[in-house]
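K.L.:
In my numbering, each number is its position in the sequence shown, counted from 1, plus 31.
Where a beta carbon is used, it is the ideal one built from N, C-alpha and C, also for glycine.
Here you go, one structure.
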Amino acid sequence: MSELSIRPALITGVLPDSIAAEIGFEAGDRLVSINGERPRDLIDYRFLCADEVLELEVLDVSGKAHQVEIEKDYDDDLGLEFETALFDGLIQCNNRCPFCFIDQQPPGKRETLYLKDDDYRLSFLYGSYLTLTNLTQREWDRIEQLRLSPLYVSVHATEPEVRTRLLKNPRAGQLLDYLRWFQERELQIHAQVVLCPGVNDGQHLTQTLTDLAQFHQTDLPAVASVAVVPVGLTRFRPDDDELIPVTPAKAQEVIDQVQALQTTFRQQLGSTFVWLADEWFLIAGRELPPESHYEDYPQIGNGVGSIRQFLKAFQKAAKKLPKAVSPTRRFTWIVGNAVELAFQPMLKRLNDVKGLEVRMVAISSHYWGQEISVTGLITGQDILGTLQGQDLGDALLLPSVMLKHDDPRFLDDMTVDDLAMQLGTKVIAISGVEGLIKICITESLSFA
Numbered sequence: 032m033s034e035l036s037i038r039p040a041l042i043t044g045v046l047p048d049s050i051a052a053e054i055g056f057e058a059g060d061r062l063v064s065i066n067g068e069r070p071r072d073l074i075d076y077r078f079l080c081a082d083e084v085l086e087l088e089v090l091d092v093s094g095k096a097h098q099v100e101i102e103k104d105y106d107d108d109l110g111l112e113f114e115t116a117l118f119d120g121l122i123q124c125n126n127r128c129p130f131c132f133i134d135q136q137p138p139g140k141r142e143t144l145y146l147k148d149d150d151y152r153l154s155f156l157y158g159s160y161l162t163l164t165n166l167t168q169r170e171w172d173r174i175e176q177l178r179l180s181p182l183y184v185s186v187h188a189t190e191p192e193v194r195t196r197l198l199k200n201p202r203a204g205q206l207l208d209y210l211r212w213f214q215e216r217e218l219q220i221h222a223q224v225v226l227c228p229g230v231n232d233g234q235h236l237t238q239t240l241t242d243l244a245q246f247h248q249t250d251l252p253a254v255a256s257v258a259v260v261p262v263g264l265t266r267f268r269p270d271d272d273e274l275i276p277v278t279p280a281k282a283q284e285v286i287d288q289v290q291a292l293q294t295t296f297r298q299q300l301g302s303t304f305v306w307l308a309d310e311w312f313l314i315a316g317r318e319l320p321p322e323s324h325y326e327d328y329p330q331i332g333n334g335v336g337s338i339r340q341f342l343k344a345f346q347k348a349a350k351k352l353p354k355a356v357s358p359t360r361r362f363t364w365i366v367g368n369a370v371e372l373a374f375q376p377m378l379k380r381l382n383d384v385k386g387l388e389v390r391m392v393a394i395s396s397h398y399w400g401q402e403i404s405v406t407g408l409i410t411g412q413d414i415l416g417t418l419q420g421q422d423l424g425d426a427l428l429l430p431s432v433m434l435k436h437d438d439p440r441f442l443d444d445m446t447v448d449d450l451a452m453q454l455g456t457k458v459i460a461i462s463g464v465e466g467l468i469k470i471c472i473t474e475s476l477s478f479a
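Below you can see the structure in the form of structure tokens.
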């Protein structure tokens with residue numbers, strides 16, 4: 032891509048009391064170049080800003096060009112926020128994975144739901160997973176030059192024919208070569224395996240995990256950790272995908288298989304190395320491993336240990352709970368039914384507070400056609416269909432993971448305001464444990 036094809040980066044926010052605010056940057060301005068170079072993305076921006084003298088080319092809201100000179104400490108942040116981390120556009124996926132969630136959605140929703148990203152920059156910046164099948168030599172060189180590590184890689188299988196079958200891409204079979212590339216350059220990845228019964232399970236799973244463990248032998252292992260995640264299927268998926276859902280019996284089988292390998296890895300590698308997503312234990316009806324099992328939570332983004340971490344955070348935050356609250360208040364708290372049993376201790380502790388009544392409603396997603404659903408996949412239609420006509424108390428408490436990060440909208444495009452209007456109650460999005468506790472002990476029920 033030539034520099035001329037890189038769009039100027041749209042500035043959407045300027046942090047108060049920052050260098051940029053002092054200079055006079057405003058939302059709507061566009062950054063063209065830094066010291067004569069056009070940044071492709073947030074990575075370039077940060078790299079180029081790590082200097083003591085900067086010459087910026089900027090377009091103001093009216094499109095007028097300005098040259099701005101800045102002197103600062105090399106590690107000072109300018110305080111600019113951008114519309115997107117990718118100024119030159121998204122690198123899209125070139126695979127056709129049958130379990131891809133993008134392809135398991137109904138048509139007609141917002142356009143961003145159908146973007147298939149497979150971008151190494153989002154992997155480095157935010158921990159999203161990529162497959163490595165669409166990288167040009169230029170991108171490989173950039174990863175090496177800028178030391179973009181760790182990256183997060185969807186492995187699924189190390190056997191070439193199995194991975195090619197899953198990704199439906201001939202380049203997928205080169206995975207072990209890619210891993211050797213990372214190893215030779217002392218760069219790291221975190222790996223994930225989306226397990227599809229009948230495709231990459233059984234001996235294929237054992238082979239995959241054993242192969243990946245060979246890249247965890249040094250002080251700076253090329254494969255730092257692995258997560259095994261159950262395939263998620265919806266009622267909108269293609270009829271010819273050849274996939275079958277994970278049953279409780281299958282979940283128990285996988286847990287036993289992986290736990291045996293974990294014992295071996297702890298002996299050989301000094302680390303559990305491979306972890307099972309919490310969903311396996313929820314599907315199987317088994318107790319979650321203890322907190323100590325998860326080491327430093329290297330796969331928390333894959334739901335590995337997230338429930339244990341949430342419960343621990345609640346125990347700490349619950350120390351702020353008073354013995355009683357006034358005025359009295361009643362809430363309905365929505366969660367996915369996958370966490371219903373795990374969250375019972377929290378529910379009991381909340382209801383121990385005199386004057387506070389919290390009713391937890393754990394639901395599955397009829398929208399996606401799932402019997403067991405994680406909280407993040409519950410839609411507005413699921414909530415409406417479950418709660419319509421019920422007495423919901425003073426407010427409905429909604430975990431913010433159900434919503435688009437910058438827009439109060441569910442995955443089915445229903446908005447929080449739409450839901451509140453149809454239920455006839457106040458709906459409050461809560462973020463994490465702190466948000467839950469804060470609402471429960473708020474002195475006024477105005478929730479301003």
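#1: Mind checking which residues open and close the beta strand (DSSP E) that includes Ser256?
#2: Can you name, in chain order, every residue of its own chain whose Cβ lies under 6 Å from the Cβ of Asp443, other than the five neighbours on each side?
#3: Please state the DSSP three-state secondary structure of Gln346.
#4: Which residue spans inside the stretch 116-203 form an unbroken beta strand (DSSP E) run of at least 3?
#5: Return the CA-CA distance between Ser396 and Asp271, expressed in angstroms with no decimal places.
#6: Under the DSSP definition of a beta bridge, which residues are partnered with Pro321?
#7: So, under 8 Å CB-CB, Gln219 and Ser180 are touching, yes? Tell me the CB distance rounded to an integer number of Å.
#8: I'd like to check one pair, Lys457 with Ile426: are the Cβ atoms closer than 8 Å?
#9: Do you know how far the Cα of Tyr76 is from the Cα of Val370?
#10: Since I believe Asp60 is in contact with Val89 (beta carbons under 8 Å), could you give me their beta-carbon distance rounded to a whole number of angstroms?
#11: Does Ile403 come out as helix, strand or coil in the three-state DSSP assignment?
#12: Identify whether Thr239 lies in helix, strand or coil by the three-state DSSP scheme.
#13: Return helix, strand or coil for Leu35, following the three-state DSSP convention.
#14: In whole angstroms, give me the CA-to-CA distance for Pro191 and Val285.
#15: By Cβ distance, which residues of its chain are closer than 7 Å to Leu35, with the 5 residues on each side in sequence left out?
#16: Alpha carbon to alpha carbon, what distance is there between Arg127 and Pro269?
#17: On a Cα-Cα basis, can you pick out the residue from Arg339, Val45 and Leu467 that is closest to Leu319?
#18: Pick from Gly263, Ser93 and Phe213: whose alpha carbon is nearest that of Phe246?
#19: Excluding the five sequence neighbours on either side, which residues of its own chain have a C-beta within less than 7 Å of the C-beta of Phe441, listed in chain order?
#20: Decide if Met452 is buried, meaning its Cβ has at least 16 other Cβ atoms within 10 Å, or exposed.
#21: Taking the alpha helix (DSSP H) that Glu465 falls in, what are its first and last residues?
#22: Around the Cβ of Ile275, are there at least 16 other Cβ atoms within 10 angstroms (buried) or fewer (exposed)?
#23: Can you name the residues that DSSP bridges to Gly367?
#24: Closest to Gly301 by CA distance: which of Asp119, Gly67, Ala255 and Val464 is it?
#25: Which residue's Cα is closest to the Cα of Leu163: Asp48, Gly94, Gln176 and Gly204?
#26: The beta strand (DSSP E) that contains Val63, what's its start and end?
#27: Using three-state DSSP, classify Pro358 as helix, strand or coil.
#28: Rounded to a whole number of angstroms, what is the C-alpha to C-alpha distance between Asn125 and Lys343?
#29: At the level of alpha carbons, what is the spacing between Glu86 and Glu100?
#30: Give me the residue from Phe56, Gln238 and Leu408 with the minimum Cα distance to Gln98.
#31: With respect to the alpha helix (DSSP H) encompassing Asp51, which residues constitute its N-terminal and C-terminal limits?
#32: Less than 8 Å between C-beta atoms, sequence neighbours within five positions excluded: which residues of the same chain meet that for Ser337?
#33: Kindly give me the distance between the Cβ atoms of Leu428 and Ile472, rounded to whole angstroms, as I take these residues to be in contact under 8 Å.
#34: Return the CA-CA distance between Arg202 and Leu210, expressed in angstroms with no decimal places.
P.N.:
Per the coordinate set shown:
#1: For the purposes of this step, residue 256 is identified with residue 225 of the sequence shown, where counting begins at 1. Secondary structure note for Ser256: its beta strand (DSSP E) is the uninterrupted segment Val254 to Pro261.
#2: Taking the first residue of the sequence shown as position 1, residue 443 is located at position 412. Within the same chain, Tyr398, Thr410, Gly411 and Gln412 come within 6 Å of Asp443 by CB-CB distance, once the 5 residues on both sides are set aside.
#3: Within the sequence shown, residue 346 is the residue found at index 315, counting from 1. DSSP places Gln346 in helix when its eight states are reduced to three.
#4: With a minimum length of 3 residues, the continuous beta strand (DSSP E) runs that stay inside the stretch 116-203 are 182-185.
#5: Your numbering for residue 396 matches position 365 in the sequence shown. Your numbering for residue 271 matches position 240 in the sequence shown. Between Ser396 and Asp271, the alpha-carbon positions lie close to 23 Å from each other.
#6: Taking the sequence shown and counting its residues from 1, one reaches residue 321 at position 290. None; Pro321 has no bridge partner.
#7: Taking the first residue of the sequence shown as 1, we reach residue 219 at position 188. Taking the first residue of the sequence shown as 1, we reach residue 180 at position 149. Indeed they touch by this definition, with Cβ atoms about 5 Å apart.
#8: Your numbering for residue 426 matches position 395 in the sequence shown. Your numbering for residue 457 matches position 426 in the sequence shown. Contrary to the premise, residue 426 reads as Ala rather than Ile in this sequence. Contact annotation: Ala426 and Lys457 have beta-carbon atoms nearer than 8 Å.
#9: Start at 1 with the first residue of the sequence shown, and residue 370 comes out as number 339. Start at 1 with the first residue of the sequence shown, and residue 76 comes out as number 45. Distance between the alpha carbons of Val370 and Tyr76: 40 Å.
#10: Here residue 89 refers to the residue found at position 58 when the sequence shown is read from its first residue. Here residue 60 refers to the residue found at position 29 when the sequence shown is read from its first residue. Indeed they touch by this definition, with Cβ atoms about 6 Å apart.
#11: Counting from one through the sequence shown, the residue named residue 403 turns up at place 372. Coil.
#12: For the purposes of this step, residue 239 is taken as the residue at position 208 of the sequence shown. In the three-state scheme derived from DSSP, where H, G and I count as helix and E and B as strand, Thr239 is classed as helix.
#13: Position 4 of the sequence shown, counted from the first residue, corresponds to residue 35. For Leu35, the pLDDT reaches just 49, beneath the cut-off of 50, and the residue's location in the model is therefore unreliable, although a value from the coordinates is still provided. Of the three classes helix, strand and coil, the one that applies to Leu35 here is helix, per DSSP.
#14: As a first step, residue 191 must be located in the sequence shown, where it is residue number 160. As a first step, residue 285 must be located in the sequence shown, where it is residue number 254. For Pro191 and Val285, the distance between alpha carbons rounds to 22 Å.
#15: The sequence position of residue 35 within the sequence shown is 4, counting from 1. The predicted position of Leu35 is uncertain, since its pLDDT is 49 and thus under 50; no value can be drawn from it.
#16: For the purposes of this step, residue 269 is taken as residue 238 along the sequence shown, with counting starting at 1. For the purposes of this step, residue 127 is taken as residue 96 along the sequence shown, with counting starting at 1. The alpha-carbon of Pro269 is positioned some 12 Å away from that of Arg127.
#17: Sequence index remark: in the sequence shown, residue 319 carries index 288 (1-based). Looking at the Cα atoms, Arg339 is the closest of the given residues.
#18: Taking the first residue of the sequence shown as 1, we reach residue 246 at position 215. Here the closest residue by C-alpha is Phe213.
#19: Translated into positions along the sequence shown, residue 441 becomes position 410. Taken in chain order, the residues that qualify are Thr410, Gly411, Met433 and Leu434.
#20: As a first step, residue 452 must be located in the sequence shown, where it is residue number 421. Sixteen is the threshold: since fewer than 16 other Cβ atoms of the shown chains lie within 10 Å of the Cβ of Met452, the residue is exposed.
#21: The residue you call residue 465 lines up with position 434 of the sequence shown. For Glu465, the enclosing alpha helix (DSSP H) starts and ends at Gly463 to Ile472.
#22: The sequence position of residue 275 within the sequence shown is 244, counting from 1. Ile275 counts as exposed, since fewer than 16 other beta carbons sit within 10 angstroms of its beta carbon.
#23: Indexing the sequence shown from 1 puts residue 367 at position 336. Per the DSSP secondary-structure output, Gly367 pairs in a beta bridge with Ile394.
#24: Position 270 of the sequence shown, counted from the first residue, corresponds to residue 301. Selected option, being the one with the closest Cα: Ala255.
#25: The residue labelled residue 163 in the question sits at position 132 within the sequence shown. Closest by alpha carbon: Gly204.
#26: As a first step, residue 63 is located in the sequence shown; it is residue number 32 there, counting from the start. Where Val63 is concerned, the enclosing beta strand (DSSP E) stretches over Arg61 to Ile65.
#27: Position 327 of the sequence shown, counted from the first residue, corresponds to residue 358. If DSSP states are grouped into helix, strand and coil, Pro358 belongs with the strands.
#28: As a first step, residue 125 must be located in the sequence shown, where it is residue number 94. As a first step, residue 343 must be located in the sequence shown, where it is residue number 312. Whole-angstrom Cα-Cα distance: 40 Å.
#29: Taking the sequence shown and counting its residues from 1, one reaches residue 86 at position 55. Taking the sequence shown and counting its residues from 1, one reaches residue 100 at position 69. Going by the C-alpha atoms only, they are around 5 Å apart.
#30: Counting from one through the sequence shown, the residue named residue 98 turns up at place 67. If we check each option's Cα against that of Gln98, Phe56 comes out closest.
#31: One-based indexing of the sequence shown puts residue 51 at position 20. It should be noted that the sequence gives Ala, not Asp, for residue 51. Counting along the chain, Ala51 sits inside the alpha helix (DSSP H) bounded by residues Ile50 to Ile54.
#32: Taking the first residue of the sequence shown as position 1, residue 337 is located at position 306. So the list reads Asp309 and Ile331, once near-sequence residues are dropped.
#33: By 1-based counting over the sequence shown, the position of residue 428 is 397. By 1-based counting over the sequence shown, the position of residue 472 is 441. At roughly 13 Å, the Cβ-Cβ gap does not stay under 8 Å, so Leu428 and Ile472 are not in contact.
#34: Walking along the sequence shown from the start, residue 202 turns up at place 171. Walking along the sequence shown from the start, residue 210 turns up at place 179. Note on geometry: alpha-carbon atoms of Arg202 and Leu210 lie some 14 Å from one another.
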